[in-house]
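What follows is one structure encoded as structure tokens, with my remarks underneath.
In UniProt numbering, the protein residues as written are 1 to 237.
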């Protein structure tokens with residue numbers, strides 16, 4: 001077989017001619033051809049889930065629109081636990097709603113049941129329904145306490161420095177609603193608590209004739225904002 005015919009049948013093999021011999025050298029493709037090209041995702045495609053969007057921090061403009069606050073107000077306080085407070089509100093609201101619906105169903109629609117009391121000497125066995133009512137009552141009390149606690153923690157505080165106005169934003173009665181409390185300069189004062197059991201005893205404040213507030217100093221934008229709010233420092237316009 002001639003070298004020309006062999007090169008036609010086997011194109012991947014090169015011939016290296018010597019004076020007396022012919023060497024067959026395999027011809028491989030260059031590595032750049034076999035290299036895998038990375039696939040880039042388009043910019044408009046995101047993999048963020050709804051759960052991660054829940055913890056996404058919105059911009060100040062979006063927050064002002066959500067809270068129905070004019071654009072000339074400045075955000076001076078952002079509660080870092082606002083998402084967890086919202087989860088607490090949703091859970092407590094759902095538990096209380098389920099308990100109320102269950103109690104209404106038992107009293108109105110469930111068939112009347114009677115429990116037998118077995119006497120053992122001078123003692124009587126308590127029916128199991130009483131233990132269930134005690135547990136449900138305790139759960140209801142815990143939900144109410146958490147609901148009241150969340151209502152005293154503002155999620156944001158806005159300030160209009162030129163007029164000395166402040167707006168406190170709280171969660172409302174419903175889990176997704178908002179409640180706004182307006183006040184002016186020197187109307188917020190700190191309350192001293194003597195109870196050693198309360199972990200927030202050093203962070204209790206009161207707005208004159210309006211409501212009680214629990215605030216943390218580290219969530220303020222600047223230490224000056226905290227001092228001006230409480231009257232420790234004069235505002236600078």
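For each residue, glycine too, the CB sits at the ideal point set by N, CA and C.
query                                                                                                             : result
Range covered by the beta strand (DSSP E) that runs through residue 78                                            : 74-78
Anticipated Cβ contact below 8 angstroms, residue 63 with residue 156, distance rounded                           : 7 angstroms
Cβ neighbour criterion (16 or more within 10 Å) applied to residue 150                                            : buried
Distance CB(residue 76)-CB(residue 220) smaller than 9 angstroms                                                  : yes
Sheet register partners of residue 107 (DSSP bridge)                                                              : DSSP, once it has assigned bridges, lists no residue as partnering residue 107.
Cβ-based burial, residue 234 [other Cβ within 10 Å; buried from 16]                                               : exposed
Cβ-Cβ distance between residue 238 and residue 169 below 9 angstroms                                              : No statement about residue 238 is possible, as the shown extent of the chain runs from 1 to 237 and does not include it.
Outcome for residue 22 when other beta-carbon atoms lying within 10 angstroms are tallied against a minimum of 16 : With a pLDDT of 49 at residue 22, under the threshold of 50, the modelled position of that residue is not reliable, and the figure given next carries that caveat. Exposed.
Residue 226: first and last residue of the uninterrupted alpha helix (DSSP H) it sits in                          : 223-230
Residue 125 - DSSP class collapsed to helix/strand/coil                                                           : Confidence at residue 125 is low in this model, with a pLDDT of 49, below 50, so its placement is unreliable and the value that follows should be read with caution. Note: residue 125 maps to coil in three-state DSSP.
Distance, residue 160 Cα to residue 74 Cα                                                                         : 6 angstroms
Delimiting residues of the beta strand (DSSP E) encompassing residue 155                                          : Where residue 155 is concerned, there is no enclosing beta strand (DSSP E), given that its DSSP letter is neither H nor E.
Cα-Cα separation, residue 90 to residue 171                                                                       : 11 angstroms
Residue 65, enclosing beta strand (DSSP E) - first and last residue                                               : It is not in any beta strand (DSSP E) - residue 65 instead sits in the alpha helix (DSSP H) that spans 60-67.
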